[in-house]
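Novice: Sharing a structure, written as structure tokens. Questions coming.
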Amino acid sequence: MKYLIVGLGNIGKEYEQTRHNIGFDIADAFVSKHGGTYREDRLADVAEVKWKGRIFVVIKPTTYMNLSGKAVKYWMDKEKVPLENILVLVDDLALPLEVIRLRPGGSDAGQNGLKSIQELLGTNQYPRLRFGIGNNFPRGKQVEFVLGKWTNTEWAIVMAKLGKCVEVIESFASIGLPRTMNVYNTLSYPYDK
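Shown next, in the form of structure tokens:
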């Protein structure tokens with residue numbers, strides 16, 4: 170069984186540990202736990218890890234967020250990964266910081282990486298793990314908030330959530346995606362439906 174795990178983010182030091190790059194951070198946590206390493210490759214940094222008889226191709230697109238679909242489509246085709254075995258890791262303003270949400274598909278909700286993936290794949294029915302970043306910003310400051318770095322208080326919660334995200338990826342590969350949407354509140358784990 171082969172899976173494509175896609176962390177969304179932007180390349181460059183200035184984007185490290187920002188809210189918008191949490192997809193990269195989740196991918197890194199998964200790869201690190203399973204002893205993988207990245208290599209530079211076409212349209213992405215790529216790691217391949219094996220776990221319980223499954224192969225995970227983990228990518229961090231180097232196309233910048235707005236063109237993430239190019240990398241996803243290329244690696245999906247190259248590795249022959251079926252749509253249901255793709256899992257996109259992405260930040261979500263609409264979810265509180267304590268929450269992660271696993272969904273089988275749905276709207277891009279204005280997230281440019283998801284919009285690009287939908288355009289290139291021709292569907293919005295691909296699994297995604299949404300990482301709540303909250304929306305604690307003044308009116309008109311959304312871009313600064315999303316591209317901003319986590320506060321020290323937030324970072325403690327983020328670190329706890331990263332471990333839960335790795336568990337969710339493993340669960341996704343082990344038992345598949347449930348028909349119902351799962352919401353994982355990291356303060357009341359395992360989850361509330």
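Plus 169 on top of the position in the sequence shown (first one is 1) and you've got the working numbering.
Glycine is no exception: its CB is placed at the ideal position from the N, C-alpha and C atoms.
Just checking my contact of Thr-232 with Ala-216 at CB under 8 Å: how many whole Å lie between their CB atoms?
Specialist: So it is not a contact: roughly 17 Å between Cβ atoms.
Novice: Do the region 269-281 and the region 302-311 make contact, defined as three or more Cβ pairs closer than 8 Å?
Specialist: No: fewer than three Cβ pairs fall under 8 Å.
Novice: Start and end of the alpha helix (DSSP H) containing Phe-306?
Specialist: Careful: Phe-306 lies outside any alpha helix (DSSP H) and carries neither H nor E.
Novice: For the region 240-254 against the region 183-199, are there 3 or more C-beta pairs whose distance is under 8 Å?
Specialist: No, they do not touch.
Novice: Should Arg-308 be labelled buried (16 or more other beta-carbon atoms within 10 Å of its own) or exposed?
Specialist: Exposed: under 16 other Cβ atoms inside 10 Å.
Novice: Return the chain-ordered ranges of every beta strand (DSSP E) run that is complete within the region 257-285 and spans a minimum of 3 residues.
Specialist: Within the region 257-285, the complete beta strand (DSSP E) runs of at least 3 residues are 268-272.
Novice: What did DSSP end up calling Lys-247 once you bin it into helix, strand or coil?
Specialist: DSSP places Lys-247 in helix when its eight states are reduced to three.
Novice: Going by alpha carbons, who is nearest to Leu-262 out of Met-245, Ala-342 and Gln-280?
Specialist: The candidate whose alpha carbon is nearest that of Leu-262 is Gln-280.
Novice: Quick one: complete beta strand (DSSP E) runs, 3+ long, within the region 172-243?
Specialist: Complete beta strand (DSSP E) runs here, min 3: 208-210, 213-220 and 223-230.
Novice: Mapping the DSSP letters down to three states, classify Leu-289 as helix, strand or coil.
Specialist: Note: Leu-289 maps to helix in three-state DSSP.
Novice: Going by DSSP, what residue range makes up the alpha helix (DSSP H) through Glu-253?
Specialist: That residue, Glu-253, is in no alpha helix (DSSP H); it is neither H nor E in DSSP.
Novice: Buried or exposed: where does Gly-345 fall if 16 or more other Cβ atoms within 10 Å of its Cβ makes it buried?
Specialist: By the neighbour-count rule (16 or more Cβ atoms within 10 Å), Gly-345 is not buried but exposed.
Novice: Determine the direct distance from the alpha carbon of Ala-325 to that of Lys-116, and round the result to whole angstroms.
Specialist: No information on residue 116 is available, as it lies outside the stretch 170 to 362 that the chain covers here.
Novice: Mapping the DSSP letters down to three states, classify Leu-298 as helix, strand or coil.
Specialist: Reduced to three states, the DSSP call for Leu-298 is strand.
Novice: Return the Cβ separation of Ala-240 and Leu-264 in integer angstroms, given the expectation that the two are a contact with Cβ distance under 8 Å.
Specialist: Wrong, their Cβ atoms sit about 24 Å apart, outside the cutoff.
Novice: Flag this pair as yes or no: are the beta carbons of Ile-255 and Pro-296 separated by less than 8 Å?
Specialist: Contact flag set, yes.
Novice: Express the C-alpha separation of Arg-223 and Gly-204 in angstroms, rounding to a whole number.
Specialist: Roughly 14 Å between the two C-alpha positions.
Novice: Near Val-200, what residues of its chain come up, given a Cβ to Cβ distance below 8 Å and the 5 sequence neighbours on each side ignored?
Specialist: Cβ neighbours of Val-200 beyond the five flanking positions: Thr-206, Tyr-207, Ala-216, Val-218 and Val-227.
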